[in-house]
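Okay, structure first, notes after.
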Amino acid sequence: MSRFAISNRVVRAMAISAFAGAAAALVPSAKAGPSQVYGSQFAWVNNFINSTINSSFGTGSTPNMTFWYNFPSGNLYGYPACIRGWHYGWNPANDNLFPMQLSAATSIPCSFSYSSGGSNMSGDFAYDMFLRWDNAKSTPQLEVMVWAGNNSWPIGTQTGTNVLSAGGYTFDLWEGMNTAAGYYVYTFIPHGTAGVGSLPTSGSLNVDMKTFYNWLQANRSGSGRFSNSMYLDVIEAGLEITGGNGWDWIGANFNATTGSSGGGGGAVANGTYRIVCRNGGQALDVYQKNTANGTNVDQWPYNGGTNQQWQVTNLGNGAYKIIGVQSGRSLDAYGYGGSGANADIWDYSGGTNQQWILTPTSGGYYRISPSYNQGLALDVVGASTSNGANVDLYNWNGGNNQQWSFQAP
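Numbering (the UniProt record's numbering), first residue to last: 1 to 409.
Printed below as a string of structure tokens:
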């Protein structure tokens, strides 16, 4: 949510569409734009304050569109967006993936790409999500935003710096009350970008939204404003336009999975396991049986060594710690790094780089992701099947080199 013209922000929230019936009458000054359905999702030119945003919808199976405009700076003029779910009870795609209770979701993978051109352009390319304490598909009770490229200001004040990493960005947290709309807003924004620079000419943000909700559960669930028992009504991705003479293209795709539909696996029971890669059938291995902090993790044919055995313990909230039997040290994402960060062992400290989310894929295999960034996965570098191939963290792509089974040692 942009800080510009905060009183106008409720227009986006309530101006559902000319097709949405009585709800649009709540804000008679709003000008609702056209929409187009793409299977389970849709695109919508969401205009505010009688603004004029011209548009052309793209083809394909996922929502995408081009739009152009000419506005002076200083207002929030619109939020053309790709959408899945129920925006204030409106869902022309009639998709029923949402509302989804956050605690039931194991993964919420989202992809968002954009490009732009013009002059004096300002705003923010952003994901926008509305939540409620029940599944009523109605007026939001909480908003969560995740910004990508921007040169705007979020609502509220900055309350966290470098709170998590996802999709190639490290995020700060801003938060505050949108008094006009009547709900609280959490905004994750790339570190240090609020109100600076220029709107990017191209970019993307591909993340697992569960990463952000896990962080809120761990750090804001005591506020009374958020809990993972809440229901996610809708995910949107678009551009909040606050000025400029230009054009933009956006495209996005959204999904979510639960433990019951994740592909043939359930929760992993506490116990000792060998952890075997689907790609080459080799075991997760601590290099040369070393036990020192920082020792590398690789793959090696299973030989029964305790450097290839791991004690797995459920921590609750879908997270596990994974401790090497020989060393007593934790499987660790080195330095809370992004894609390409190394996997090693380190004294267990309870950090989110040592807490692992196990998401079923298929055939009894799991994606193993660090809690701080569930867009990453434990990965055999280069899909190698060689003895000693390195294991790192890499953006999830569904490859067999990123899928692991938990087998009796």
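Note that CB positions come from ideal geometry on N, CA and C, so glycine has one too.
Please read all numbers here as calculations on a predicted model, not as lab measurements.
*Go to Y183, then tell me how far its beta strand (DSSP E) extends in each direction, as first and last residue.*
Residue 183 sits at position 183 when you count from the first residue of the sequence shown. Here the beta strand (DSSP E) through Y183 covers 183–190.
*asked:* Short of 6 Å in beta carbon distance, which residues of its chain neighbour P301, apart from the five on each side in sequence? Order them along the chain.
replied: Translated into positions along the sequence shown, residue 301 becomes position 301. Beyond the five residues adjoining it in sequence on each side, P301 comes within less than 6 Å, by CB distance, of Q282 in the same chain, given in chain order.
*Straight-line Cα distance separating I323 from S349*: The residue given as residue 349 occupies position 349 in the sequence shown. The residue given as residue 323 occupies position 323 in the sequence shown. One C-alpha to the other measures close to 12 Å.
*From A126 to I368, what does the alpha carbon distance come to, in whole angstroms?*
Counted from its first residue, the sequence shown places residue 126 at position 126. Counted from its first residue, the sequence shown places residue 368 at position 368. Taken atom to atom, the span from the alpha-carbon of A126 to that of I368 is near 27 Å.
*Is P99 buried or exposed, if buried means 16 or more other CB atoms sit within 10 Å of its CB?*
Mapped onto the sequence shown, residue 99 falls at position 99. It counts as buried.
_Among Q403, S119, L216, the one whose alpha carbon lies nearest that of P72_ = The residue labelled residue 72 in the question sits at position 72 within the sequence shown. Selected option, being the one with the closest Cα: S119.
_Range of the contiguous beta strand (DSSP E) that encloses residue 455_ = The chain is shown only over 1 to 409; residue 455 falls outside these bounds and no answer can be derived.
*asked:* Measuring only the C-alpha atoms, how far is L142 from I345?
replied: Counting from one through the sequence shown, the residue named residue 142 turns up at place 142. Counting from one through the sequence shown, the residue named residue 345 turns up at place 345. Taking the straight line joining both Cα atoms gives about 39 Å.
*asked:* If distances are taken between C-alpha atoms only, which option among Y287, G271, Y77, V196 comes closest to T52?
replied: For the purposes of this step, residue 52 is identified with residue 52 of the sequence shown, where counting begins at 1. Out of Y287, G271, Y77, V196, Y77 has the C-alpha closest to the C-alpha of T52.
_Proximity below 8 Å, CB of M145 to CB of L232_ = Locating residue 145 in the sequence shown gives position 145, where the first residue counts as 1. Locating residue 232 in the sequence shown gives position 232, where the first residue counts as 1. Inclusion of M145 and L232 in the CB contact set at 8 Å is not warranted, their separation being larger than that value.
*Whole-angstrom distance between F406 and N270, CA atom to CA atom*: For this step, residue 270 is matched to residue 270 along the sequence shown. For this step, residue 406 is matched to residue 406 along the sequence shown. N270 and F406 have their C-alpha atoms roughly 11 Å apart.
*Delimiting residues of the beta strand (DSSP E) encompassing L232*: The sequence position of residue 232 within the sequence shown is 232, counting from 1. Segment 231–254, the beta strand (DSSP E) holding L232.
*the segment 275–290 touching the segment 307–314, judged by at least three CB pairs closer than 8 Å*: These segments touch.
*Specify the secondary structure class of N162 as computed by DSSP and reduced to three states.*
Here the question's residue 162 lines up with position 162 in the sequence shown. In the structure shown, N162 adopts extended strand secondary structure according to DSSP, grouped into three states.
_Which of the three DSSP states is assigned to K321 in this structure?_
Here residue 321 is taken as the residue at index 321 of the sequence shown, counted from 1. Secondary structure at K321: strand, using DSSP grouped into helix, strand and coil.
*Tell me the DSSP bridge mates of A93?*
Locating residue 93 in the sequence shown gives position 93, where the first residue counts as 1. BP columns for A93 are empty, so no partner.
*Roughly how many angstroms lie between the CA atoms of N64 and S165, to the nearest whole one?*
One-based indexing of the sequence shown puts residue 64 at position 64. One-based indexing of the sequence shown puts residue 165 at position 165. Whole-angstrom Cα-Cα distance: 26 Å.
*asked:* For the segment 189–197 against the segment 87–97, do three or more pairs of beta-carbon atoms, one drawn from each stretch, fall closer than 8 Å, so that the two count as touching?
replied: No: the two stretches stay apart, fewer than three of their Cβ pairs being nearer than 8 Å.
*Could you give the C-beta distance for Y372 and T352, rounded to a whole number, given that I count them as a contact under 8 Å?*
Here residue 372 refers to the residue found at position 372 of the sequence shown. Here residue 352 refers to the residue found at position 352 of the sequence shown. With 8 Å as the limit, Y372 and T352 qualify as a contact, their Cβ atoms being about 4 Å apart.
*Spatial neighbours of M121 within its chain, please: CB distance less than 6 Å, with the 5 preceding and 5 following residues excluded, ordered by chain position.*
Residue 121 sits at position 121 when you count from the first residue of the sequence shown. Hits under 6 Å: L199, G244, G246.
_Give me, in chain order, the residues of the same chain whose beta-carbon lies closer than 8 Å to that of Y169; leave out the 5 immediate sequence neighbours on both sides._
Residue mapping note: residue 169 aligns to position 169 of the sequence shown, counting from 1. Counting only Cβ-Cβ distances below 8 Å, and skipping sequence neighbours, we find A148, P190, H191, L205.
*Start and end of the alpha helix (DSSP H) containing Y213?*
Numbered from its first residue, the sequence shown carries residue 213 at position 213. Residues 210–220.
*Buried or exposed: L173, going by 16 or more other Cβ atoms within 10 Å of its Cβ?*
As a working mapping, residue 173 is identified with position 173 in the sequence shown. For L173, the number of other beta carbons within 10 angstroms of its own is at least 16, and it is reported as buried.
*Under 8 Å, do Y183 and P154 count as touching if we go by C-beta distance?*
For the purposes of this step, residue 183 is identified with residue 183 of the sequence shown, where counting begins at 1. For the purposes of this step, residue 154 is identified with residue 154 of the sequence shown, where counting begins at 1. No, Cβ-Cβ distance for Y183 and P154 is not below 8 Å.
*So, A383 versus W396, is the Cβ gap smaller than 8 Å?*
For the purposes of this step, residue 383 is taken as the residue at position 383 of the sequence shown. For the purposes of this step, residue 396 is taken as the residue at position 396 of the sequence shown. Cβ distance not < 8 Å, so A383 and W396 don't count as in contact.
*asked:* Is it buried or exposed, G251, if we count other Cβ atoms within 10 angstroms and call 16 or more buried?
replied: As a first step, residue 251 is located in the sequence shown; it is residue number 251 there, counting from the start. By the neighbour-count rule (16 or more Cβ atoms within 10 Å), G251 is buried.
*asked:* Measuring only the C-alpha atoms, how far is G176 from Q402?
replied: In the sequence shown, residue 176 corresponds to position 176, counting from 1. In the sequence shown, residue 402 corresponds to position 402, counting from 1. Those two C-alpha atoms are separated by around 38 Å.
_First and last residue of the uninterrupted beta strand (DSSP E) at G364_ = Indexing the sequence shown from 1 puts residue 364 at position 364. Per DSSP, G364 lies in no beta strand (DSSP E) segment and is marked neither H nor E.
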